[in-house]
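Residue numbers (this note's numbering): 25 to 208.
Okay, structure coming up:
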């Protein structure tokens with residue numbers, strides 16, 4: 025009987041000592057299961073957002089393809105081709121007169137930057153001379169002696185057009201004091 029009492033006491037001590045260990049093991053197993061569950065839901069959320077992004081991209085590409093096919097179909101229409109030839113290339117029918125406005129900003133009041141920049145056409149420089157005056161000026165500049173040019177300064181030859189547009193030998197239109205305008 026004494027052994028029975030001892031066995032019961034040992035059982036209680038063993039049961040008590042295994043309780044916290046079992047609890048901590050159970051908590052660790054539940055924590056690991058939660059970590060696995062959270063990582064699975066995280067991967068699902070990432071894949072779902074990626075799938076939605078790809079669906080949006082597919083919808084955009086389908087719309088872009090539809091637009092491109094529509095543009096291709098437009099070229100089958102003779103009226104569209106004629107309009108594009110007139111707008112882009114400046115074509116006219118044989119019985120029409122071609123009129124091109126050189127400075128549309130003078131007519132409309134705003135600059136048409138789309139035509140100058142997007143079509144590769146360089147916009148004319150402001151305050152530039154006509155081509156024939158620029159050519160005459162460059163010929164006159166090329167005919168000058170470089171040593172004489174350094175001695176005179178940068179004045180243009182007599183009678184030729186200068187870049188400022190004046191054709192006087194000195195390059196200025198102001199009267200000098202020796203021309204009679206001075207008081208004595």
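Cβ atoms here follow ideal geometry from the backbone N, Cα and C, with glycine treated the same way.
Check whether residue 116 and residue 122 have beta carbons under 7 Å apart: Contact check for residue 116 against residue 122 passes: the beta carbons are separated by less than 7 Å.
message: Report the CB separation of residue 114 from residue 124 in whole angstroms; it is logged as a contact under 8 Å.
response: Correct: roughly 7 Å between the Cβ atoms.
Chain-order list of residues whose beta-carbon lies under 8 Å from that of residue 104 (same chain, five-residue window excluded): 98
message: Could you compute how far the alpha carbon of residue 165 sits from the alpha carbon of residue 111?
response: 40 Å
field: residue 106 to residue 100 span [Cα, whole Å]
entry: 11 Å
field: Helix, strand or coil at residue 168 according to DSSP, with G and I counted as helix
entry: Coil at residue 168, not helix or strand.
task: Would you kindly work out how many angstroms separate the C-alpha atoms of residue 167 and residue 161, rounded to a whole number?
output: Answer to the nearest angstrom: the Cα atoms are 10 Å apart.
query: Which term fits residue 144, buried or exposed, when burial requires 16 or more other beta carbons within 10 angstroms of its beta carbon?
result: Low confidence applies to residue 144: its pLDDT is 48, below 50, so where it sits in the model is not reliable enough to give any reading.
Same chain only: Cβ atoms within 8 Å of residue 54, ignoring 5 sequence neighbours per side: none
- request: Classify residue 124 as helix, strand or coil using the three-state DSSP reduction.
  value: Coil.
task: Give me the Cα-Cα distance between residue 67 and residue 76, rounded to the nearest whole angstrom.
output: 14 Å
query: Which of helix, strand or coil does DSSP assign to residue 47?
result: helix
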